[in-house]
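Asks: I am attaching a structure below and will ask some questions about it afterwards.
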Amino acid sequence: MFSADDTIVAVSSADGPAARSIVRLSGPRAIALAEGAFSGPLAGLGGFRAADGVVDVAAPQPIRAPARAYVFRAPRSYTRQDVVELHVPGEVVAARLCAGLIAAGARQASPGEFTARAFLSGRLDLAAAEAVADVVDAEADAELRSAVGVLDGALARLCRPAADELTEALALVEASIDFAESDIELAAPGEVACRLRAAGARLARAAASAGAWRGPGARPRAAIAGRPNAGKSSLLNALSGVDRAIVSALAGTTRDVLAAPATLPGGAEVLLLDAAGLDAAADALARAAHAAAREAVASADAVLFVLDAAAGETARDADLLAEVRALNPRAPRLLLANKTDLPADLPGLRRRFADDLLAISATTGRGLDELRARLGRALADLAAPRPAGLILHDRQKRSLAAAAAAAGRAATLLHDAAEIADVAELAAVELRAALDALGELTGEVVAEDVLAAIFARFCIGK
Numbered sequence: 201m202f203s204a205d206d207t208i209v210a211v212s213s214a215d216g217p218a219a220r221s222i223v224r225l226s227g228p229r230a231i232a233l234a235e236g237a238f239s240g241p242l243a244g245l246g247g248f249r250a251a252d253g254v255v256d257v258a259a260p261q262p263i264r265a266p267a268r269a270y271v272f273r274a275p276r277s278y279t280r281q282d283v284v285e286l287h288v289p290g291e292v293v294a295a296r297l298c299a300g301l302i303a304a305g306a307r308q309a310s311p312g313e314f315t316a317r318a319f320l321s322g323r324l325d326l327a328a329a330e331a332v333a334d335v336v337d338a339e340a341d342a343e344l345r346s347a348v349g350v351l352d353g354a355l356a357r358l359c360r361p362a363a364d365e366l367t368e369a370l371a372l373v374e375a376s377i378d379f380a381e382s383d384i385e386l387a388a389p390g391e392v393a394c395r396l397r398a399a400g401a402r403l404a405r406a407a408a409s410a411g412a413w414r415g416p417g418a419r420p421r422a423a424i425a426g427r428p429n430a431g432k433s434s435l436l437n438a439l440s441g442v443d444r445a446i447v448s449a450l451a452g453t454t455r456d457v458l459a460a461p462a463t464l465p466g467g468a469e470v471l472l473l474d475a476a477g478l479d480a481a482a483d484a485l486a487r488a489a490h491a492a493a494r495e496a497v498a499s500a501d502a503v504l505f506v507l508d509a510a511a512g513e514t515a516r517d518a519d520l521l522a523e524v525r526a527l528n529p530r531a532p533r534l535l536l537a538n539k540t541d542l543p544a545d546l547p548g549l550r551r552r553f554a555d556d557l558l559a560i561s562a563t564t565g566r567g568l569d570e571l572r573a574r575l576g577r578a579l580a581d582l583a584a585p586r587p588a589g590l591i592l593h594d595r596q597k598r599s600l601a602a603a604a605a606a607a608g609r610a611a612t613l614l615h616d617a618a619e620i621a622d623v624a625e626l627a628a629v630e631l632r633a634a635l636d637a638l639g640e641l642t643g644e645v646v647a648e649d650v651l652a653a654i655f656a657r658f659c660i661g662k
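Heads up: the sequence shown begins at 201 in the working numbering, then just goes up one per residue.
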């Protein structure tokens, strides 16, 4: 995926006007190529040294400007290769200098390639490498603190005790296979199971306490669910301010999942998903629409469950609410009694469903400001880490959860066994799966397509 044998170059400072821009090189010819464009000698400088001079490039366009060169010698550099940074005045000079270095033999760096070289050389593990992009992308203080913590090794330190327990347990299990014919008892299976349960519980708590990393421009998704004709489409239009959905008194008008953005208090945005009413499907088209609606609910970050307050029928609503809980148990649910501009038994609905059932009217706008505020709080609580938690990507949370689950399965096997050897082969499979899941966090075990996806979201020059 990435070659580390050549010399790469890129403008590593942000776009836009600036007093100083940075051109970065890394690779075996970094010093020689930089010296060809810089007035002062660099080859004789040791690591962590700076020199003032002038950059002078003839091709592809002539440029001459004052500059400062910083030299970082391998292996004590970010990439563990020779690295040179040329600091020049402004982005135009930097762009021309970069083009000149490419003409001289350097290669334009791909997005994230400097950090990829740091990862491939062992300077950073994968979690820390990913945190480099997170520091750049952070849009809130909590995100920045979490990213800096992971870059400093917080996620690795969290996983290391569990990895040590899993490795020790795997060694005992594999040794019991080797000594199956001997009368040697290496450890009591119940004792090993107890340690594995504790390790799995720590990993599970870490996954549960971690906030969800959104990334720049990503919007949380809120699914609007309920029976047909409960007013879901009217609510989508009212919250988004756009007539995105067809509104009709005829039940079953919505046959596809419609999406529209809505602005919450504070300026945050949420993507609203209006799905077909969750009810018995009479024909193939309706069944397909209801399958899409269920998928939208299952993948949503929050669910707005809409009751028809004017209908007076609630038995089916209770069944559908239970189905929504089963489809997406982790998402916060806001219960809404719509059509309160018509006669409605709100006290009865609150007794049946919840005291905090919010009375709204998509027609008159009643309760919509409070709905926006509640939805904003629910999504903020979902994204924020619990006390002492980190903000992690979905891939990282899945790896933690998978490791915890595999450790738990190994513990169950060992707990019920008279001797470790009785379940050694099955337990070893689960323990290796747990270690592989943790290895995906650090990059010890990771597919190339996963690496490509991670580094593709980096800026060029990072």
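Just so you know, even glycine gets a beta-carbon here, dropped at the ideal spot from N, CA and C.
Closer than 6 Å by C-beta to S448: which residues in its own chain qualify, once you throw out the five before and the five after it? Chain order, please.
Replies: In this prediction, S448 scores a pLDDT of 39, lower than 50, which makes its location untrustworthy; no coordinate-derived value is stated.
Asks: Quick check: the region 218 to 228 against the region 301 to 320, are there 3 or more CB pairs under 8 Å?
Replies: Result yes; three or more Cβ-Cβ pairs closer than 8 Å.
Asks: Work out the CA separation of A338 and E644 for me, nearest whole Å.
Replies: So the two alpha carbons sit approximately 26 Å from each other.
Asks: Could you spell out where the beta strand (DSSP E) holding T463 opens and where it closes?
Replies: 458 to 463 is the span of the beta strand (DSSP E), which, as asked, contains T463.
Asks: Give the single residue among P266, A304, Y270 whose Cα lies nearest to the Cα of G290.
Replies: Residue P266 is the option with its Cα nearest to G290.
Asks: What would DSSP say about A502, mapped onto helix, strand or coil?
Replies: Note: A502 maps to strand in three-state DSSP.
Asks: Name the DSSP beta bridge partners of D556, please?
Replies: None; D556 has no bridge partner.
Asks: Which residues in the same chain have their Cβ closer than 8 Å to the Cβ of G247, if we skip the five residues on either side of it in sequence?
Replies: Closer than 8 Å at the Cβ level, and outside the excluded window around G247, lie V271, F272, R273, R276, S277.
Asks: How far does the beta strand (DSSP E) with C288 in it extend, from its first residue to its last?
Replies: The residue asked about is misnamed: residue 288 is Val in this sequence, not Cys. Run containing V288: 283 to 288, per the beta strand (DSSP E) assignment.
Asks: Quick one: what's got a C-beta closer than 6 Å to S212's C-beta in the same chain, skipping five residues either side?
Replies: Closer than 6 Å at Cβ, skipping near neighbours: I222, R224, G661.
Asks: With a threshold of 8 Å, are at least 3 pairs of Cβ atoms found where one atom belongs to the region 532 to 540 and the other to the region 551 to 560?
Replies: Touching, yes.
Asks: In whole angstroms, give me the CA-to-CA distance for L436 and L504.
Replies: Their Cα atoms are separated by approximately 10 Å.
Asks: Is it buried or exposed for L695, if we count other Cβ within 10 angstroms and need 16 for buried?
Replies: This structure cannot settle anything about residue 695, because the visible part of the chain is limited to 201 through 662.
Asks: Please report how far the alpha carbon of P609 lies from the alpha carbon of A656, in whole angstroms.
Replies: It is worth fixing the name first, because residue 609 is Arg in this sequence and not Pro. Using only the alpha carbons, I get a separation of about 35 Å.
Asks: Enumerate in chain order the residues of its own chain whose CB-to-CB distance from A468 is below 7 Å, with the five nearest sequence positions on each side excluded.
Replies: Around A468: G576.
Asks: Considering only the beta carbon of each residue, do D508 and R566 sit closer than 8 Å?
Replies: Cβ distance not < 8 Å, so D508 and R566 don't count as in contact.
Asks: Rounded to a whole number of angstroms, what is the C-alpha to C-alpha distance between V497 and A425?
Replies: The alpha-carbon atoms of V497 and A425 are separated by roughly 7 Å.
Asks: Using DSSP's beta-bridge definition, name the partner residues of P266.
Replies: In DSSP, P266 forms a bridge with V254.
Asks: Assuming T642 and A327 are in contact, meaning their beta carbons sit under 8 Å apart, how far apart are those beta carbons, in whole angstroms?
Replies: With 8 Å as the limit, T642 and A327 qualify as a contact, their Cβ atoms being about 6 Å apart.
Asks: Threshold first: 4 residues or longer. Then list the alpha helix (DSSP H) segments lying entirely within the region 574 to 627, N to C.
Replies: Within the region 574 to 627, the complete alpha helix (DSSP H) runs of at least 4 residues are 594 to 615.
Asks: Locate the beta strand (DSSP E) running through L403, then write down its first and last residues.
Replies: Note, L403: premise wrong, no beta strand (DSSP E); alpha helix (DSSP H) at 389 to 409.
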